[in-house]
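What follows is a set of notes on a single structure, which appears directly below.
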Amino acid sequence: MQVRSLFAVALAALLVGPATAHAQARTSSKASPARATAATPTQTTTTNPNFEIGGWIGYTWDDPFGGVQLRGDFVWPFERLGAGWDLSFVGSVGLGYLSHSQSFYDPFSGTSMDLKASAWEFKLVPTARFTYTFPGDTRWSLFGDAGVGLNYTSASAEVDYGFGKQTVSSSGAGLMLRLGVGGFFRVAPRWNLGVTLDYDPSTGSDTLDTKQILVGVKYQL
Numbered sequence: 005m006q007v008r009s010l011f012a013v014a015l016a017a018l019l020v021g022p023a024t025a026h027a028q029a030r031t032s033s034k035a036s037p038a039r040a041t042a043a044t045p046t047q048t049t050t051t052n053p054n055f056e057i058g059g060w061i062g063y064t065w066d067d068p069f070g071g072v073q074l075r076g077d078f079v080w081p082f083e084r085l086g087a088g089w090d091l092s093f094v095g096s097v098g099l100g101y102l103s104h105s106q107s108f109y110d111p112f113s114g115t116s117m118d119l120k121a122s123a124w125e126f127k128l129v130p131t132a133r134f135t136y137t138f139p140g141d142t143r144w145s146l147f148g149d150a151g152v153g154l155n156y157t158s159a160s161a162e163v164d165y166g167f168g169k170q171t172v173s174s175s176g177a178g179l180m181l182r183l184g185v186g187g188f189f190r191v192a193p194r195w196n197l198g199v200t201l202d203y204d205p206s207t208g209s210d211t212l213d214t215k216q217i218l219v220g221v222k223y224q225l
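Counted the way the numbering used here counts, the sequence shown spans residues 5 to 225.
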């Protein structure tokens, strides 16, 4: 009797076990498509970082030099810091041409001397940009830039003594600090007009500590 009971229990276990496994497999097969379907949007969804490109033109100076500055920016929006505040990273490439001319009079010799000097300045600067967008009118925003980059300057000067000329040249490279403030106004969903004021002091002995005021446009890709 006891053997029959054990045999019955074993037989029941053999019958119930596969049935339970089959039921679980059917349940899993039914649930799997649902999970796959639910996971599909997550797998196919991609975040758009809204990269931006910008172009600037304006006036640059380091007394007594002054000239034209061109600059291109690539902007990577990085993180929302809080209500109205955003952090982005900016890589900028700038090229400036500065010049200066001056005349001197020597009362002892009664002759005049003319000085003409010019400089080309190349800048490569990554910066962190903190932007505040006005909640009342999101078309307006203000920003501040801070970064460290490289500066290369090539300069030449010519002195005309009246009876002859002398030319000297120099070049140098150094680390450069960028501190800037500015603002944008959105004129279209992807287009912004802006203005910025920057100060770019450099460590190089033959480089310039330029300041510039620039106007430009920014486009969201």
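Cβ coordinates follow ideal geometry from the N, Cα and C atoms, glycine included.
Check, Outcome
"On a Cα-Cα basis, can you pick out the residue from 97, 80, 166 and 179 that is closest to residue 114?", "166"
"Does DSSP put residue 143 in a helix, in a strand, or in coil?", "coil"
"Which same chain residues end up closer than 8 Å to residue 116 when comparing Cβ atoms and leaving out the 5 residues on each side of it in sequence?", "107, 108, 109, 110 and 166"
"With 16 other CB atoms within 10 Å as the buried threshold, where does residue 141 fall?", "exposed"
"For residue 95, which residues in the same chain have their Cβ closer than 6 Å to its Cβ, ignoring the five residues on either side in sequence?", "78 and 130"
"Here's the rule: buried if 16 or more other CB atoms are within 10 angstroms of the residue's CB, otherwise exposed. What is residue 145?", "buried"
"Please say whether residue 199 and residue 208 have beta carbons closer to each other than 8 Å?", "no"
"Check the C-beta distance from residue 159 over to residue 121 and give it rounded, since I have them as a contact under 8 Å.", "7 Å"
"Using C-beta distances below 7 Å, list every residue in its chain close to residue 81, excluding the 5 sequence neighbours before and after it, in chain order.", "53, 54, 90 and 92"
"Tell whether a beta-carbon distance below 8 Å holds between residue 204 and residue 213.", "yes"
"Quick check: the Cα distance between residue 66 and residue 154, rounded to an integer number of angstroms?", "17 Å"
"On the three-state DSSP scale, how would you describe residue 93?", "strand"
"Are the CB atoms of residue 148 and residue 100 nearer to each other than 8 Å?", "no"
"Could you tell me the distance, in whole angstroms, from the CA atom of residue 119 to the CA atom of residue 58?", "37 Å"
"Which one of 72, 76 and 134 has the shortest CA to CA distance from residue 124?", "72"
"What do you get for residue 169, buried or exposed, if any count of 16 or more other CB atoms within 10 angstroms of its CB means buried?", "exposed"
"Compute the distance between the beta-carbons of residue 180 and residue 127, then report whether it is under 8 Å.", "yes"
"Less than 6 Å between C-beta atoms, sequence neighbours within five positions excluded: which residues of the same chain meet that for residue 76?", "59 and 97"
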